[in-house]
Amino acid sequence: MNLPALSITVPRVPVGDGFKAGVDFLKDNLAWLFDIIGTIIEVCVEFLGVTLSEPSATQLFVAASVVVAVGLWLRGHRYSATIPFAVWIAVWAAEAYGGATTAMLSQLDPVLFTWAQSLFGEEARFVYPQLLPAIPLFLALAVLSFTMTRDPRQRRLAIYVICGLAAFIALHFIVGVQLSLLVTMLFVLVAWLIAGTGLAIFSLLGFLLIISMGLFDDAMSTLALIIVATAVAVAIALPLGVLAAYNDRVSNVLKPVLDFMQTLPAFVYLLPAISFFSVGEVPGVIATVIFAMPPGVRLTELGIRQVDKELVEAGEAFGAPDSQILRNIQLPLALSTIMAGINQVIMLSLSMVVIAGMVGASGLGNQVYTGIAQAQIPIGFEGGIGVVILAIYLDRLTGAVTRFSPAAKAQRAAASR
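Here the sequence shown is numbered in full-length UniProt numbering, starting from 1 and rising by one per residue.
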């Protein structure tokens with residue numbers, strides 16, 4: 001006896017249609033918010049890309065001021081580091097919205113700038129309104145480094161920054177050395193100070209290879225995209241990781257969400273990103289942030305949970321509030337694990353640059369995608385080599401930062417006994 005085949009119809013669940021409806025709803029009601037976010041990200045990426053590839057004199061002075069101010073801040077002179085920047089921001093805003101610096105320059109005797117025109121050319125690239133407030137900012141912070149503190153480390157820092165800035169300006173604006181070589185030397189210096197001679201030599205050879213392939217500007221655009229995406233991802237991941245470490249319920253809720261974010265194909269993130277922000281740098285950054293953020297959350301939570309509970313109890317016994325325990329005990333001791341998470345965020349961000357290039361993001365990812373789309377093997381291979389060099393540089397650099405953590409210093413002190 002033959003029984004009739006049993007056919008069960010499974011109704012189709014319109015998951016994709018529901019997702020599209022949700023995207024359309026957000027786009028219709030929060031378009032202003034996405035416009036603001038997109039503008040901020042686009043400005044940050046463009047500014048960083050230009051700063052890394054073609055820094056102006058103003059950007060050099062401001063960057064040098066930031067380095068000196070950070071040293072003052074870390075050594076307890078917070079007002080000395082903050083007040084000059086507050087005055088500079090006020091003067092910059094007055095110039096941006098009212099042309100105050102331009103008006104002041106127009107009132108000065110042109111003879112004052114004859115030396116600059118003869119030294120830097122008729123264009124007088126070294127004399128313009130944006131630079132005028134930046135020079136006193138740097139000079140004020142340098143003077144404060146010698147007058148407000150007796151710490152020899154701060155004074156040495158100020159001397160090194162002054163010498164480096166003077167050498168950079170002289171080599172570029174007077175001698176005429178191209179900026180790509182000077183920026184490369186800065187990368188080499190950072191690698192030597194943080195990771196040692198080995199990474200410094202690799203950095204020199206690697207970035208010279210990038211320059212020889214004519215990809216320096218693209219590499220800096222990619223580095224700017226990675227820095228912005230990593231900064232956003234870390235800014236979100238660290239608080240979430242801390243909250244998950246303090247609250248088991250939050251941790252249980254975040255785990256499946258993070259699993260979903262890590263396992264969903266990266267291309268899928270481009271769908272809502274393009275819908276919200278169109279094509280260009282912004283959807284690439286947004287997709288990179290979502291894809292790269294989970295390791296930062298997981299390892300931040302892990303690092304804080306692994307801190308010895310006796311140390312936390314000792315802090316509580318002395319009456320320290322939770323915020324102080326977190327800031328002075330848990331985060332410093334968990335720094336190595338947190339930096340491992342940041343390292344993974346950077347590596348995952350680098351893995352997304354080619355996908356970001358598919359939606360219009362500039363840089364090495366666009367080079368690789370162009371090589372694939374046009375079957376141009378040399379273009380694609382050279383772009384891939386540039387990505388590898390950046391990946392190794394950033395990986396070794398972030399990995400070496402952990403040697404400055406309190407735990408690493410304690411281990412070295414114990415080993416030297």
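Quick reminder that beta carbons are idealized off the backbone N, C-alpha and C, glycines included.
Inter-residue distance for W192 and A57 is about 25 Å (C-alpha atoms, whole angstroms). Here F318 carries a coil assignment [DSSP, helix/strand/coil]. Per DSSP, the continuous alpha helix (DSSP H) segment holding R298 begins and ends at 281-305.
In the DSSP assignment, E46 falls within the alpha helix (DSSP H) that extends over 31-53. Just so you know, the alpha carbons of F277 and A166 end up roughly 42 Å apart. With contacts defined as CB atoms closer than 7 Å, V188 and A200 qualify as a contacting pair.
Residues of the same chain with a CB within less than 6 Å of the CB of A287, apart from the 5 flanking positions on each side, are Y269, L270, A273 in chain order. Where S180 is concerned, the enclosing alpha helix (DSSP H) starts and stops at 179-195.
Going by beta carbons, L390 and I227 fall outside the 7 Å limit.
Here I159 is exposed, its C-beta having fewer than 16 other C-beta atoms within 10 Å.
When the beta-carbon positions are compared, T398 and I338 stay at least 7 Å from each other.
Annotation: A231 to P283 spans about 16 Å, alpha carbon to alpha carbon. Listed in chain order, the non-local C-beta contacts of E301 below 6 Å within the same chain comprise G241, A244, A245, local neighbours out to five positions each way being set aside.
Distances from the CA of F168 to each of A63, T147, L394, A237 were compared; the closest alpha carbon is that of A63. For G363 and G357, the gap between their C-alpha atoms comes out near 7 Å. When the five nearest sequence neighbours on each side are left out, the beta carbons in the same chain lying within less than 7 Å of the beta carbon of A233 are those of V289, A292, M293, G296, V345, in order along the chain. Unbroken alpha helix (DSSP H) runs of no fewer than 4 residues, entirely contained in the region 199-282, are found at 216-246, 248-263, 266-277, following chain order.
By the Cβ criterion, the region 73-82 is not in contact with the region 249-264, since fewer than three pairs of Cβ atoms, one from each stretch, lie closer than 8 Å.
DSSP, reduced to helix, strand and coil, places Q344 within a helical segment of the structure shown.
Straight through space, the alpha carbons of V353 and M220 are spaced by roughly 12 Å.
Boundaries for A375: no alpha helix (DSSP H) harbours it, and the DSSP string shows neither H nor E there. Judged by DSSP in its simplified three-state form, D17 adopts helix.
Within 10 angstroms of the beta-carbon of R327 lie fewer than 16 other beta-carbons, which makes it exposed. Counting along the chain, T58 sits inside the alpha helix (DSSP H) bounded by residues 57-74.
Measuring C-alpha to C-alpha distances from P378 to each of P136, L215, F146, P152 identifies L215 as the nearest. With a beta-carbon spacing of about 6 Å, L141 and A69 fall inside the 8 Å limit used to define contacts.
If you ignore the 5 residues before and after V91, its C-beta comes within less than 6 Å of the C-beta of P133, all in its own chain and listed in chain order.
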